[in-house]
Amino acid sequence: MEIFDALLAGFATAATPANLLWALVGCALGTAVGVLPGIGPAVAVAMLLPITAKVEVTASMIFFAGIYYGAMYGGSTTSILLNTPGETASMVTAMEGNKMAKSGRAGAALATAAIGSFIAGTIATVVVTLFAPYVADFAVKLGPPEYFMLMVLAFTTVSAVLGKSTVRGMTALFVGLALGCIGMDQISGAARYTLGQPELLDGIDIVLVAVGLFAVAEVLHAAMYEGKVIDTQNRLGRVHMTKRDWKRSVPAWIRGTLIGTPFGCIPAGGTEIPTFLSYATEKKLAKGEDHAEFGTKGAIEGVAGPEAANNATVTAALIPLLTLGIPTSNTTAVLLGAFQNYGINPGPQLFTTSATLVWALIASLYIGNIMLLVLNLPMVSLWVKLLKVPKPQLYAGILIFATVGAYGMRQSTFDLFLLYGIGLLGVLMRRFDFPTAPVVVGMILGPLAEAQMRNAISIGEGSWMVFLQRPMSVTLLAIVLAVLIVPRVMKTMARRKLQRLQPLDA
Amino acid sequence: MTEPLNSPLTAGDASPPPPPGAAGVPATRMQVAVGAGVLVTAACLAWGALDIPSNSGYGGVGPNFLPWLVSAVLAVCGIFLLWEALSGGYRELDAATGAERADKGAFVWVSAGLLLNAALITTLGFILSCTLCYMLAVQGLRRAAGQPAAGQVRTWITDLVTGLLISAPVFWAFTQFLAINLPGLTNTGWL
Numbered sequence: 011m012e013i014f015d016a017l018l019a020g021f022a023t024a025a026t027p028a029n030l031l032w033a034l035v036g037c038a039l040g041t042a043v044g045v046l047p048g049i050g051p052a053v054a055v056a057m058l059l060p061i062t063a064k065v066e067v068t069a070s071m072i073f074f075a076g077i078y079y080g081a082m083y084g085g086s087t088t089s090i091l092l093n094t095p096g097e098t099a100s101m102v103t104a105m106e107g108n109k110m111a112k113s114g115r116a117g118a119a120l121a122t123a124a125i126g127s128f129i130a131g132t133i134a135t136v137v138v139t140l141f142a143p144y145v146a147d148f149a150v151k152l153g154p155p156e157y158f159m160l161m162v163l164a165f166t167t168v169s170a171v172l173g174k175s176t177v178r179g180m181t182a183l184f185v186g187l188a189l190g191c192i193g194m195d196q197i198s199g200a201a202r203y204t205l206g207q208p209e210l211l212d213g214i215d216i217v218l219v220a221v222g223l224f225a226v227a228e229v230l231h232a233a234m235y236e237g238k239v240i241d242t243q244n245r246l247g248r249v250h251m252t253k254r255d256w257k258r259s260v261p262a263w264i265r266g267t268l269i270g271t272p273f274g275c276i277p278a279g280g281t282e283i284p285t286f287l288s289y290a291t292e293k294k295l296a297k298g299e300d301h302a303e304f305g306t307k308g309a310i311e312g313v314a315g316p317e318a319a320n321n322a323t324v325t326a327a328l329i330p331l332l333t334l335g336i337p338t339s340n341t342t343a344v345l346l347g348a349f350q351n352y353g354i355n356p357g358p359q360l361f362t363t364s365a366t367l368v369w370a371l372i373a374s375l376y377i378g379n380i381m382l383l384v385l386n387l388p389m390v391s392l393w394v395k396l397l398k399v400p401k402p403q404l405y406a407g408i409l410i411f412a413t414v415g416a417y418g419m420r421q422s423t424f425d426l427f428l429l430y431g432i433g434l435l436g437v438l439m440r441r442f443d444f445p446t447a448p449v450v451v452g453m454i455l456g457p458l459a460e461a462q463m464r465n466a467i468s469i470g471e472g473s474w475m476v477f478l479q480r481p482m483s484v485t486l487l488a489i490v491l492a493v494l495i496v497p498r499v500m501k502t503m504a505r506r507k508l509q510r511l512q513p514l515d516a
Numbered sequence: 022m023t024e025p026l027n028s029p030l031t032a033g034d035a036s037p038p039p040p041p042g043a044a045g046v047p048a049t050r051m052q053v054a055v056g057a058g059v060l061v062t063a064a065c066l067a068w069g070a071l072d073i074p075s076n077s078g079y080g081g082v083g084p085n086f087l088p089w090l091v092s093a094v095l096a097v098c099g100i101f102l103l104w105e106a107l108s109g110g111y112r113e114l115d116a117a118t119g120a121e122r123a124d125k126g127a128f129v130w131v132s133a134g135l136l137l138n139a140a141l142i143t144t145l146g147f148i149l150s151c152t153l154c155y156m157l158a159v160q161g162l163r164r165a166a167g168q169p170a171a172g173q174v175r176t177w178i179t180d181l182v183t184g185l186l187i188s189a190p191v192f193w194a195f196t197q198f199l200a201i202n203l204p205g206l207t208n209t210g211w212l
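Going line by line, the protein sequences match chains A and B.
To convert, count from 1 in the first sequence and add 10; that's the working numbering.
To convert, count from 1 in the second sequence and add 21; that's the working numbering.
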């Protein structure tokens, strides 16, 4: 009942006219950002981070959560209607969604994506409501060694497991950690890598890195490599689902939610695995006529499941963010940066020290989901008009907003030059298929992990054995090793099996 | 199905390996350059780490521990990247989208927009500086898209007006409503 009371109090805070307006503007902006190619939620939140200087913390967190959420809804619209999916989260949706749209069923695909997102988002929010306080209670008992190990786990999964190549993932992670080192060391106050520049003493802002890597790099890449790419857009048609569509969608939504939620809860992050898993499940379970639609006319389950899985993961990812202070994606990393701007460090204490904020944020997720359903179902044709904005003007316009974000933070022209440099780095990373999430996560989590590590070793009186002397930290270390080793062993076994089979085939 | 699976340091699903020879000689050279770049970065980080004090206080590790760790791991990554590049190219590489070769002209236009914006924002003020950035960047993007009308006076004027129509309301919204400091040409808060 305690949770229920807290949630009610949260609704009371979130439902004031001003906060409702922030939520609505956030959801609308998020949807627009999701629909428009070129900018995602991480960069949208990053560009708007300067508002944290003036706007009160609850209002701005509600606003940012709206953008975070809205972009997920908007992203599916683009991936269904355009032949180029926007971000990784909607890549799977694009596979079947685009086929459905090509065979004239764009409306049904959009409807199942929006309703599935709503259902999964709401169920996952209930999970956040019920479990986050318990995780926080548990997390209070963790000491620096355990925290450090949790962060190492997050680093490992983000860089080594989720990406395609471990070397490139690790390179990206350590580039992020190096960026995080720049500035004054928070424990000893020693200056690191400041090159004598006073601007660098404060460190590099997360806004610069996020906006540079995503927005500026995207614009440069579009100009350099994508000038001749022509997008074809599918016709929208009527947003409507038949009885058969419903019958096929409902179980897929539920299964997608069940697959997605646990993936969000663990500090591992990434929507690729749950969405692909949901897609594979739906394809396997579909029978007869429905199965034949996969990859040909486009099967509605292939849109409903992954979309639900995506939203469930994204919502549940708030649990590690709020209770442990561990971000597992670009957007949650930037959200952590927003908290830090207010001097708030998400973690187990958040539920006691900033209870009003946390519960208002959770309540706003329920409200935001309803707003987004309304914004995305009846009004979808409005958002589709955004796809008509010509690319050159859109991308050049993004640069103006990038300037606001980068300059508005610290009013330094030095930052604008740095922004360009990071943009170039982003183009290079994109050309050579380096993942970007490890850079952002490494940069924001690196200093926190370093502090925990040094505290842990102080506790162990200078001995590294402290990580092996505590049961929780040893367990976490074992998990880290397992996520590093198990996939490799399985791959080797699969290869051996393949080699055994090949002579038979030949 | 030979090289990619043999690499000890690749993870991920069983996506089909890139066809052999897809990455030509220039691509290899670029990959070698990237690997070397990572190595140089690692060396620079190590060189910088020499200046960081090692006083560790109560704990066994001081502020220079992480920098040394980062430079060491990046050095290992750089060596691996070099090795991959020289033995058949990066593993599990998704071909980047879009054209094979960069459009250098477009790159120069967009870069000029961004760098002039950085250089001039405090003198010209946010609105004019961003409008200039917009005009140069959109010019580059139009040329990249092969728009025949890109260089015409009419297009330039349209872009000037569009640039002003985007940057002016952004400036007003941020300075007037959100009270964020952005530089103006005048002190009126409107330009």
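Positions of the beta carbon are idealized from the N, C-alpha and C atoms, including for glycine.
Computed from a predicted structure; not experimentally measured.
Item	Value
Those residues which DSSP pairs with G193/A across a bridge	R202/A
Bridge partners - Q243/A, DSSP secondary structure assignment	L92/A
Any chain A beta carbon closer than 7 Å to C151/B	yes
Cα-Cα separation, C154/B to L135/B	6 Å
Contact set for A44/B: own chain, Cβ-Cβ below 6 Å, skip 5 residues either direction	Residue placement at A44/B cannot be trusted, given a pLDDT of 43 that sits under 50; the coordinates are not used to answer.
Within 8 Å of chain B by C-beta, residues of the region 390 to 407 of chain A in sequence order	K401, P402, Q403, Y405, A406 and G407
Rounded separation between L217/A and K64/A - CA only	The residue asked about is misnamed: residue 217/A is Val in this sequence, not Leu. C-alpha separation (whole angstroms): 17 Å.
Cβ neighbour criterion (16 or more within 10 Å) applied to I240/A	exposed
Reference P277/A, options G353/A, L360/A and M159/A, closest by Cα	M159/A
Neighbourhood of T143/B by C-beta distance below 6 Å, restricted to the same chain and skipping five residues each side	P204
Within-7 Å CB hit, F21/A to chain B	no
Cβ-Cβ distance between A314/A and G126/A below 7 Å	yes
Three-state class that DSSP yields for S175/A in the structure shown	strand
C-beta neighbour in chain A for R50/B, strict 7 Å	no
Proximity to V162/A [Cα-Cα], best of L511/A, M503/A and L494/A	L494/A
DSSP-derived helix/strand/coil call for V91/B	helix
Under 9 Å from the C-beta of R506/A: neighbouring residues of chain B	Near R506/A there are no residues of chain B at all, since even the closest Cβ is about 11 Å away, more than 9 Å.
Distance between W177/B and K501/A (C-alpha atoms, nearest Å)	56 Å
Closest by C-alpha distance to A64/B, when choosing among W89/B, N76/B, R122/B and R175/B	W89/B
Residues near T578/A in its chain [Cβ-Cβ closer than 8 Å; skip 5 each side]	Lying outside 11 to 516, the shown extent of chain A, residue 578/A is not represented and no answer is given.
Given I467/A as reference, the closest of E156/A, L183/A and R248/A once Cα atoms are compared	E156/A
Per-residue burial, R265/A [other beta carbons within 10 Å of its own, 16 or more giving buried]	buried
L508/A versus T167/A - alpha carbon distance	27 Å
Reduced DSSP category for R115/A - H, G, I as helix; E, B as strand; rest coil	coil
Distance between A165/B and L397/A (C-alpha atoms, nearest Å)	20 Å
Proximal chain A residues relative to P169/B, where beta-carbon distance stays under 8 Å	Ordered by position in chain A, no residue passes the 8 Å Cβ test against P169/B, which lies about 13 Å from the chain.
Reference N379/A, options I13/A, K109/A and T41/A, closest by Cα	T41/A
Partners in chain B for M161/A, counting only beta-carbon separations shorter than 9 Å	The contacting residues do not exist; M161/A stays about 13 Å from chain B at best.
Integer-rounded CB distance, given that A233/A should sit under 8 Å from P124/B	Reading the sequence as shown, one finds Asp at residue 124/B and not Pro. About 7 Å separates the two Cβ atoms, so the contact holds.
Pairwise C-alpha distance: Y83/A and W518/A	The requested residue 518/A does not occur in the structure, where chain A is confined to residues 11 to 516.
For Q421/A, the three-state DSSP class (helix, strand or coil)	coil
Where F286/A falls: helix, strand or coil (DSSP)	helix
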